[in-house]
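Student:
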Amino acid sequence: MWAALTEQSRGSLHVFLPLADRGIDALVHRLIDGTYFQVQAKSRSTLMDGEVHLVVWAESLVYDELLIVGGLVVEGGLGPTILVAPAADFKRLANLSVHDGRPMYSMEFGMRPRSDSRWLPWLVPAERLVERFGVQVEALVEAPVELRPDWRSALGSLGEIEVTRRLAEAEDLNLFRPFPDSETDEIAVLHLTTTRVIGLQVKTVDVDNDRLRATVSVYASSFRPSPATYIVVVAWRRDESCIHDECLLIPSEQLLDFARDNGHGHLWFEWHPDSKVQSHLDPYRLSITTLRTEIVRRLTG
Numbered sequence: 014m015w016a017a018l019t020e021q022s023r024g025s026l027h028v029f030l031p032l033a034d035r036g037i038d039a040l041v042h043r044l045i046d047g048t049y050f051q052v053q054a055k056s057r058s059t060l061m062d063g064e065v066h067l068v069v070w071a072e073s074l075v076y077d078e079l080l081i082v083g084g085l086v087v088e089g090g091l092g093p094t095i096l097v098a099p100a101a102d103f104k105r106l107a108n109l110s111v112h113d114g115r116p117m118y119s120m121e122f123g124m125r126p127r128s129d130s131r132w133l134p135w136l137v138p139a140e141r142l143v144e145r146f147g148v149q150v151e152a153l154v155e156a157p158v159e160l161r162p163d164w165r166s167a168l169g170s171l172g173e174i175e176v177t178r179r180l181a182e183a184e185d186l187n188l189f190r191p192f193p194d195s196e197t198d199e200i201a202v203l204h205l206t207t208t209r210v211i212g213l214q215v216k217t218v219d220v221d222n223d224r225l226r227a228t229v230s231v232y233a234s235s236f237r238p239s240p241a242t243y244i245v246v247v248a249w250r251r252d253e254s255c256i257h258d259e260c261l262l263i264p265s266e267q268l269l270d271f272a273r274d275n276g277h278g279h280l281w282f283e284w285h286p287d288s289k290v291q292s293h294l295d296p297y298r299l300s301i302t303t304l305r306t307e308i309v310r311r312l313t314g
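Using the working numbering, the first residue of the sequence shown is number 14, and each one after it goes up by one.
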């Protein structure tokens with residue numbers, strides 16, 4: 014299903030998969046306006062009496078805006094018809110029952126839906142699945158191929174792991190990683206109460222006591238400023254084998270106010286952690302120990 018969304022949208026939709034199972038199977042990011050869709054996927058490999066039968070535990074449908082996407086999985090892809098229904102409509106139309114003391118919703122639909130089916134408005138041909146995410150098939154233009162680094166440095170992984178670990182300590186946050194990694198956002202953060210989402214791109218530089226100033230570089234061709242996207246910059250102290258206490262949290266829409274184009278496909282700026290000299294980076298400086306709190310504040314404020 015995720016591959017179908019990526020292929021049909023020609024790069025207009027990007028899929029993020031969760032690092033922990035908390036009832037949401039994916040976030041789908043629509044790049045044209047930055048919207049994130051919460052998706053719970055349901056699939057079956059066989060039909061019963063010619064229909065797909067789907068069952069969803071009621072406790073997993075806590076957000077009305079959650080999209081239930083379900084259908085038949087066949088060799089080579091998806092069956093001819095897919096269900097795409099907001100949780101609010103799914104609960105209204107599905108059959109509610111109890112199994113082992115747990116409430117659950119069930120429904121079924123055929124591959125050739127009848128005109129009188131109550132599910133008809135939420136059924137779509139598999140080849141037009143992206144239209145339910147606000148992407149018109151006829152309007153799609155093949156996205157240009159972006160030259161991306163074909164490997165992630167050990168230094169970059171250290172920074173992403175550190176940021177992910179700190180955010181994962183918050184029980185009210187759910188973290189997602191892109192599939193594939195082909196856009197500005199490298200970590201999507203969903204607040205489980207407000208259901209707001211922000212995307213983070215993590216940049217890691219290395220410093221030591223003899224060289225505390227570093228150049229931060231952002232890949233320009235995949236950089237898409239958005240109110241919901243932030244750049245997190247962390248520094249790895251090589252001489253002490255640890256992450257520096259100071260980090261930067263920069264709204265992506267403000268990056269172009271001071272970053273420069275190096276003429277080779279990257280935006281760059283210099284950062285001096287712990288500098289006492291007044292700088293344009295001062296509004297973005299914070300202790301990495303407060304990064305989680307600051308992210309939560311922006312998702313709840």
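Heads up, the beta-carbon is just placed ideally off N, CA and C, and yes, glycines get one too.
Take D252 and list the residues in its own chain whose beta-carbon comes closer than 6 Å to its own, dropping the five residues that flank it on each side.
Tutor: Excluding positions up to five away in sequence, the list reads D221, N222.
Student: With C-beta atoms as the reference, is G92 less than 8 Å away from G83?
Tutor: no
Student: Counting pairs of beta carbons, one from the stretch 197–208 and one from the stretch 35–49, are three or more of them closer than 8 Å?
Tutor: yes
Student: Over the uninterrupted alpha helix (DSSP H) stretch that includes I308, give me the two end residues.
Tutor: In the DSSP assignment, I308 falls within the unbroken alpha helix (DSSP H) covering 304–313.
Student: Can you give me the C-alpha to C-alpha distance between G24 and S130, rounded to a whole angstrom?
Tutor: 33 Å
Student: At the 8 Å Cβ level, is K289 part of the contact set with chain C, yes or no?
Tutor: No chain C appears in this structure, which consists of one protein chain only.
Student: Are at least three pairs of beta-carbons, each pair with one atom in the stretch 206–214 and one in the stretch 284–302, less than 8 Å apart?
Tutor: no
Student: CA-CA distance, L188 and A39?
Tutor: 10 Å
Student: Can you tell me whether K289 is buried or exposed, with buried defined as 16 or more other CB within 10 angstroms of its CB?
Tutor: exposed
Student: Since A17 and L142 are thought to touch, with beta carbons under 8 Å apart, how far apart are those beta carbons, to the nearest angstrom?
Tutor: At roughly 6 Å, the Cβ-Cβ gap stays under 8 Å, so A17 and L142 are in contact.
Student: What beta strand (DSSP E) runs, 3 residues minimum, are completely inside the stretch 142–230?
Tutor: With a minimum length of 3 residues, the continuous beta strand (DSSP E) runs that stay inside the stretch 142–230 are 186–192, 200–204, 210–220.
Student: What's the C-alpha gap between A181 and P126?
Tutor: 43 Å
Student: May I have a chain-ordered list of the beta strand (DSSP E) segments no shorter than 3 residues that lie completely inside the stretch 80–112?
Tutor: 80–87, 90–99, 108–112
Student: Does the Cβ-Cβ distance between M117 and V69 come in under 8 Å?
Tutor: yes
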